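The number in the working numbering is simply the position in the sequence shown, starting from 1, with 10 added.
In what follows, a structure is listed as structure tokens, so that the remarks can point back to it.
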Amino acid sequence: MPVSGLSGVGCVWVLSLCVLLLSSGRCGPVPPPEERRSAPGVVDEVDMQEVLGQFLQVLNWTDQGPQPRPRSEPPEYMLELYNRFNNDRSAASSANIIRSFRNEDHTSHRLLFNISVPQQERVVSAELRLHMLLKTDSHQRIGAGWKVSVFDARCQRDPLASKHVHRRESGWEVFDMTHAVQHWRKANALTPRLEVHIENMQAFRNTNVDLDIDRNPDRKHEPALIVFSDDSSEIHQLQRKMNEEDQEDRDEMLLTQTRSNLIYDDGSRVRRSAKTEDCRKAEMYVDFKDIGWDSFVFAPTGYQAFTCRGACNYPLAREVTPTKHAIVQTLLNLKSPQRATQACCVPTELKPISLLYENENGVVVLNNKYEGMVVKECGCR
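Structure (structure tokens):
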């Protein structure tokens, strides 16, 4: 993965997005969109599948990648979680990655899940969600109650989870499976078979069980095992941020010293550079449909990614946080343009977004901190 929460094709997503972000950040002045003109013979439309294919070849993933398939709908619960976290960041739990595993056994009262969570992630919690279907004749009963128990099909001595259910209509029941999932991971038993027992608790029982699991084949009400995990990326990002800030302090000292020591041998060249637009952040909206991601990204349909536009003109401002290499390259370009181009205006800090998508294994994933998707700051490199 690679990238947190995504495996295989996830890396390709990030790389192809980098093409969009970096293609607008040029090593020189970039005109606004309305001033750009296509050169003769240049095709405006980019074949995104060809771009992805090239990345797959570079990464030796020629047998992987997003396969064309009809768009499916995500489970309602996952969409609710996305909307809740996206509208209220404070509602986010300690888990930044949430996966919905589908039931792969369609026999009566049997469930099978293929749990695939990267080892570097910590399972925070897990829950089994069952949509309980109340038969029509049960609506006439008052206080109908059942005991619903979930067992490991290989060992049915003690239930993994159990609860008493009182229902007047069909609806969802949630069972805590945190300890069970954590145990399965330690034992490397990642395809658990479960069995659900439903016991009628009424004094006068009918022979027919009037509460059952809704096994509708569509995703709306199918059983799901929801696993909440954390990849601890925040700790690594904080350490990286601290290291970057230390480096920026050292680079600023060099920048100040360079300004005081530089001997101008060609003042006109400096004045010409000053006329071009300086490196800055600019808007760039990405519609996932335009790049072919709408087949596996459920939400959002698009987002403001921003881009970097403009030139790294001398003198380099502190706001563009130039590296030592960028400073040296700028000075060399100033004195000998034929030997070195200008430093590049590129993203220097990126922010995450919440992303609800289906991975290559058909697992619906909600990543509340899918990193590297939005330009926060631009600089000269």
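Glycine included, C-beta positions come from ideal geometry on N, C-alpha and C.
Please read these numbers as outputs of a predicted model, since none were measured by experiment.
Okay, do the region 287 to 297 and the region 320 to 334 touch, 3+ Cβ pairs below 8 Å being the bar? yes
Does the region 360 to 374 come within contact of the region 109 to 125, defined as at least 3 CB pairs closer than 8 Å? yes
Taking one C-beta from the region 352 to 361 and one from the region 84 to 101 each time, how about it: are there three or more such pairs within less than 8 Å? no
Between GLU137 and VAL184, is the Cβ-Cβ spacing less than 8 Å? yes
Identify the continuous beta strand (DSSP E) that holds ILE107 and give its terminal residues. 107 to 112
Sheet register partners of ILE236 (DSSP bridge): SER110 and GLU137
Name the DSSP bridge partner or partners of THR317? ALA292
Mind reading off the beta-carbon distance from ILE223 to MET142? Whole number of angstroms is fine, and I expect it under 8 Å. 7 Å
Limits of the unbroken alpha helix (DSSP H) element including LEU89: 86 to 97
By the 10 Å Cβ neighbour count, where 16 or more other Cβ atoms means buried, how is VAL53 classified, buried or exposed? Reliability fails at VAL53, whose pLDDT of 43 lies under 50, so the model's placement of it is uncertain and no value is given.
Pick from GLY389, PHE298, PRO310 and ALA190 that is closest to ASP319, judged by C-alpha positions: A small fix is needed here, since residue 319 is Arg in this sequence, not Asp. The shortest Cα separation from ARG319 among GLY389, PHE298, PRO310 and ALA190 belongs to GLY389.
On the premise that ALA105 lies in contact with ASP240, defined as a C-beta separation below 8 Å, what is that separation, rounded to the nearest angstrom? 5 Å
Near LYS230, which residues of its chain fall below 7 Å by C-beta distance, leaving aside the five closest residues on each side in sequence? GLU86
ASN377, DSSP secondary structure in three states: strand
Look up LEU342 in the DSSP assignment and say whether it is helix, strand or coil. helix
The alpha helix (DSSP H) enclosing LYS196, as first and last residue numbers: Counted as a single uninterrupted DSSP element, the alpha helix (DSSP H) harbouring LYS196 occupies residues 188 to 196.
Does the separation of the CB atoms of VAL206 and VAL133 fall below 8 Å? With contacts defined as CB atoms closer than 8 Å, VAL206 and VAL133 fail to qualify as a contacting pair.
Proximity to VAL191 [Cα-Cα], best of TRP182, GLU131, ALA353 and SER242: That would be GLU131, whose Cα lies nearest to the Cα of VAL191.
DSSP beta-bridge partners of ARG132: ASP240
Indicate whether ASP162 and PRO202 have their beta-carbon atoms separated by less than 8 Å. yes
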